[in-house]
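J.: Listed in order, the protein sequences are those of chains A and B. Residue numbers are given in our numbering: position 150 of the first sequence equals residue 150, and the series is strictly consecutive. Residue numbers are given in our numbering: position 287 of the second sequence equals residue 455, and the series is strictly consecutive. Note that the Cβ used here is the ideal one computed from N, Cα and C, for glycine as well. Before I ask anything, here is the structure I am working with.
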Amino acid sequence: MAGIDTTHMGAGTEEFTAEQLAKVDKIISKFKSKPGALIPVLEEVQDVCGYLPMSLQLRVAKGLGIPVANVYGVVTFYSFFTMVPRGKHVIRVCLGTACYVRGGQKILESLVGTLGIAPGECTADRNFSLETVRCLGACGLAPVVVIDEDTHGQMKPAKLDKVLAEYR
Amino acid sequence: MAKVNVTIDNIKVSVEQGNTILEAAMLAGIKIPTLCAWPEINHRPGACRVCVVEVDGQRNLVASCVFPVSEGMVVKTTSERVRKARKLNVELLLSNHPTECNVCVRNGNCDLQVVAEAVGLREVRFTYPDYSTAEYIDDSSPSVVRDARKCIKCYRCVTVCDEIQTASVLSPTFRGDGVRIGPAFNLPLLETNCTNCGQCILACPVGALYEKDDTDKVWAALNDPSKHVVVQEAPAIRAALGEDLGMPVGSLVTGKMIEALRRLGFDKVFDTNFTADLTIIEEGNELLQRVKTGGKLPMITSCSPGWIKFCEHFYPDLLDNLSTCKSPQQMMGALIKTYYAEHSGVDAKDIVSVSIMPCTAKKFECQRDEMADSGFRDVDYVLTTRELSRMIKQAGIDFANLPEGDYDNPLGEYTGAGTIFGATGGVMEAALRTVYAVVTGTNLESLDVTPVRGLEGVKEAAVEVGPLGKVKVAVAHGLSNARQLMDKIRDGSADYAFIEVMCCPGGCVSGGGQPIAPSNEKRINRAAALYKDDGAVQKFRQSHENPSVKRIYEVFLKEPLGHKSHELLHTHYYKRGTDLPHAHDAEFEVNDAKNKATH
């Protein structure tokens, strides 16, 4: 299925430290039996572990007592959640209408070429993840690329190398 | 409830406040086309947009299946705007739906075909995506095939799986035009908590979910002169097959069914009702043994393989409560290749054992590792009612005008108690008749145990059984109802001696292999056919009175729960749990209640 790297789906919890897993369980128990718990739990768990592979989704489902199909449905619905490891820096390219007509797609293609990864993937050195978003509400700055918390407006493919250098 | 007055296409109707426009229109004699809505299970996602109507004062068209009526509302259902919108919406649904209608399993019984006709669609202007079938079709399960190419995202299967059956295997995943309905992590169905019940198939308006078709294998066996092909039919087949072949719902077609099977070329036509009677003897004795020896109570029935797998996944701690009896299908399978083989002199290796079931989970059940106690696969192929109906059509048999056939001996004779296994409460009723008679030496005052009949989700009854005193029993059908009883057992508040659980709502009469689509009306009518078979057709109404059952104990099994029974008629279960993905049967821990309880 597009966008999912199945090699990580079966990843066991062994890649997470005992400390991380203890935090995960604490998050689950903090929200357990509260309505609407799933999304905040997933947010915090992703914050602790970096991403939400199958093993963590099963842990959350079991912990909250809800079907794992529902957890997976939410994880795949929101672009914020990821099932593949995220890089140290997350690059989000806006492909909303305004950015798209002003060349967002070209910027994305350029980044795909430079980093050698497709949207949804992470570089081998785990430094960069590449994602696309649909409108960041900054259409006046189109086309927009957001890296971590920094917004880079009026981007051009030629300017990318210089911007990326700040994060290498 | 207050009434409100609405005008629909110039027809004035007074309807209850809170009703939807769709319901009001029905009262006005107007049938608005729908696709995703399924009011009987309160499923109204408003997703397909086929039922849109124009409401005065509303800027946009509204989905009539969810929009509530209000006083003075004026609705138009055939305005140009509505007609255009409906047509476009169906055209868009078809824009990424494969045009394989002629070879689709739902050809002629497809809601999408019906709405396309209802909105007058004659052309689809959009081209179809070039689907890769390998990516979209999941045929990992022996029971249920998913074809995501055909899915129209009506969410009916999701509601059935999540709310009615509480297996919660199917869920919407991803978003926008990428939405896919499927299991978590897009796992193959075989590796999930799927119970194989097939209720999703009954729910599907199109051909996105269907039974794995085994008719070709059965045709091949029938056409192979070296094979001796033997068939058994579950109780619920005779109450539903007729309606798939042009007869009224609730037609009891036992004789025509047997005749049709003979004409298809089966060498022997036995009847699962015989082993239903046998189940009552084994299970009744198991219950009495548990009561007398302080065994695990409440004891729970084990006829329904969807229920068994559900229990293995979600209640692995309560597997000791399950009766160790195999299902009637598997008892029959084990007897065909032992008792019948000896009786007839046919070598068991040449016998092909086929069963006709109202059930998709039976296809999984017959493939379970342990279901080979005869030394062979006890049951080789399972066909659903729909598949048998297909074979009858393929053979050009004029079903409605067939003469009445009769089953073969020694595994065909049955009582009314066996036949009512097909309706929820039937196993309990049959068991109470025999247990009462065995314990007290007299018959129940009335053999009709009506408190356990009908469609209420959880039914309870208490019967005074001589020296045993008051025996409390409960019956659940549909897995959400079963869950209620299981949770009571878990927390220690269940004071029943015996519980019947059927996986499917209404029991086997509305199993996942029965004619599409289901409704409570059909469940009631099909059950009525079985109660008619029990009350008015069969000579005997109690399993222990079945002459063929008496005979098999005399000449073969010797005694209930005896050595032979233990070997052929009882089984064990697996602690499957809910971790994903699921392993092969052999890798689970076995819960060997059989050896604990019967010997």
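Establish whether the CB of T341/B and some CB of chain A are separated by less than 7 angstroms.
T.: Chain A contact via Cβ: present.
J.: When every heavy atom of the ligand ADP is checked, does at least one fall within less than 6 angstroms of the C-beta of M670/B?
T.: The ligand content of the structure shown is nil, which means the ligand ADP is not present either.
J.: Here's the rule I'm using: 16 or more other beta-carbon atoms within 10 Å means buried, otherwise exposed. How should P635/B be labelled?
T.: P635/B should be labelled exposed.
J.: Where does the unbroken beta strand (DSSP E) through Q400/B begin, and where does it stop?
T.: Note, Q400/B: beta strand (DSSP E), H396 to E401.
J.: Among the candidates G50/A, P67/A and L108/A, whose CA atom is the shortest distance from the CA of N127/A?
T.: Looking at the Cα atoms, G50/A is the closest of the given residues.
J.: Going along the region 73-93 of chain A in order, which residues come within less than 7 angstroms of chain B, judged by CB to CB distance?
T.: Residues G73, T76 and F77.
J.: For a minimum of 3 consecutive residues, which ranges assigned as the beta strand (DSSP E) are wholly contained in the region 289-338 of chain B?
T.: Whole beta strand (DSSP E) segments, 3+ residues: 312-315.
J.: State the Cα-Cα distance for the pair A697/B and P683/B, rounded to the nearest angstrom.
T.: Roughly 15 angstroms between the two C-alpha positions.
J.: With a 10 Å radius around its C-beta and 16 neighbouring C-beta atoms as the bar for buried, classify E454/B as buried or exposed.
T.: E454/B is buried by the Cβ-count criterion.
J.: Listing by chain order, which chain B residues have their CB less than 7 angstroms from the CB of A69/A?
T.: Simply S336, V337, L338, S339, P351 and A352.
J.: With a threshold of 7 angstroms between beta-carbons, can F16/A be considered close to chain B, or not?
T.: For F16/A, the answer is no, since every Cβ of chain B falls outside 7 angstroms of its Cβ.
J.: Give, in chain order, every residue of the region 737-754 of chain B whose Cβ lies closer than 8 angstroms to some Cβ of chain A.
T.: Correct list: T746, D747, L748 and P749.
J.: For the candidate residues L289/B, V677/B, P373/B and Y664/B, whose alpha-carbon lies nearest to that of H645/B?
T.: The shortest Cα separation from H645/B among L289/B, V677/B, P373/B and Y664/B belongs to V677/B.
J.: With three or more beta-carbon pairs closer than 8 angstroms as the criterion, would you say the region 549-561 of chain B touches the region 604-618 of chain B?
T.: No, because fewer than three Cβ pairs between the region 549-561 of chain B and the region 604-618 of chain B fall closer than 8 angstroms, the two stretches do not touch.
J.: For K106/A, I'd like the list of residues in its chain whose CB is within less than 8 angstroms of its CB, leaving aside the five on either flank, ordered along the chain.
T.: Counting only Cβ-Cβ distances below 8 angstroms, and skipping sequence neighbours, we find P157.
J.: Applying a beta-carbon distance threshold of less than 8 angstroms, which residues of chain B neighbour L58/A?
T.: D747 and L748, listed in chain order.
J.: Starting from the Cα of P297/B, find the closest Cα among Q281/B, R317/B, V287/B and V312/B and give me that residue.
T.: Ranking Q281/B, R317/B, V287/B and V312/B by Cα distance to P297/B puts R317/B first.
J.: Once you ignore the five residues that flank D760/B on each side, which residues in its own chain have a CB closer than 6 angstroms to its CB?
T.: Once the five neighbours on either side are set aside, the close Cβ partners of D760/B are H740.
J.: What ranges does the beta strand (DSSP E) occupy inside the region 79-120 of chain A, keeping only unbroken runs of at least 3 residues that lie completely in it?
T.: Listed in chain order, the complete beta strand (DSSP E) runs (minimum 3 residues) inside the region 79-120 of chain A are 89-94.
J.: How many Å lie between Y582/B and T245/B at the Cα?
T.: Their Cα atoms are separated by approximately 54 angstroms.
J.: State yes or no: is the beta carbon of M54/A nearer than 7 angstroms to at least one beta carbon in chain B?
T.: With 7 angstroms as the cut-off, M54/A counts as an interface residue toward chain B.
J.: Give me the Cα-Cα distance between G116/A and G214/B, rounded to the nearest whole angstrom.
T.: Taking the straight line joining both Cα atoms gives about 42 angstroms.
J.: Measuring CA to CA, which of V626/B, V287/B and D655/B is closest to K252/B?
T.: Out of V626/B, V287/B and D655/B, V287/B has the C-alpha closest to the C-alpha of K252/B.
J.: Please go through the region 662-741 of chain B and give each complete beta strand (DSSP E) segment of 3 or more residues, from N-terminal end onward.
T.: Within the region 662-741 of chain B, the complete beta strand (DSSP E) runs of at least 3 residues are 666-670.
J.: Buried or exposed for D663/B, going by 16 or more other Cβ atoms inside 10 Å?
T.: Answer is exposed; the Cβ neighbour count stays below 16.
J.: DSSP three-state label for T528/B, please.
T.: Of the three classes helix, strand and coil, the one that applies to T528/B here is coil, per DSSP.
J.: In chain order, what residues of the same chain have a beta carbon less than 7 angstroms from the beta carbon of V221/A, not counting five sequence neighbours either side?
T.: The requested residue 221/A does not occur in the structure, where chain A is confined to residues 1 to 168.
J.: Measuring CB to CB, does K131/B end up less than 7 angstroms from D488/B?
T.: Residue 131/B cannot be examined here, being either before or after the span of chain B that is shown, 169 to 767.
J.: Taking the alpha-carbon of A193/B as reference, which of R348/B, V223/B and M169/B has the nearest alpha-carbon?
T.: Among R348/B, V223/B and M169/B, the Cα nearest to that of A193/B belongs to V223/B.
J.: Kindly list the residues whose CB is nearer than 7 angstroms to the CB of A170/B, restricted to its own chain and excluding five residues on each side of it in sequence; keep chain order.
T.: Closer than 7 angstroms at the Cβ level, and outside the excluded window around A170/B, lie Q185.
J.: Between the alpha carbons of G423/B and K700/B, how many angstroms are there, rounded?
T.: Computed Cα separation, rounded: 14 angstroms.
J.: Taking 8 angstroms as the cut-off, does the region 433-450 of chain B touch the region 568-588 of chain B (at least 3 CB pairs, one atom from each stretch)?
T.: Output reads yes: the region 433-450 of chain B touches the region 568-588 of chain B.
J.: Does the beta-carbon of Y507/B have 16 or more other beta-carbons within 10 angstroms, so that it is buried, or is it exposed?
T.: When all chains shown are included, Y507/B counts as buried.
J.: Keeping to the same chain, check which residues put their C-beta closer than 6 angstroms to that of T608/B; ignore five residues upstream and five downstream.
T.: Correct list, in chain order: G634.
J.: CB S523/B to CB V547/B, shorter than 7 angstroms?
T.: Going by C-beta atoms, S523/B is nearer than 7 angstroms to V547/B.
J.: With distance defined between alpha-carbon atoms, name the residue in V75/A, R168/A and I39/A nearest to D125/A.
T.: Comparing Cα-Cα distances from D125/A to each of V75/A, R168/A and I39/A, the minimum goes to R168/A.
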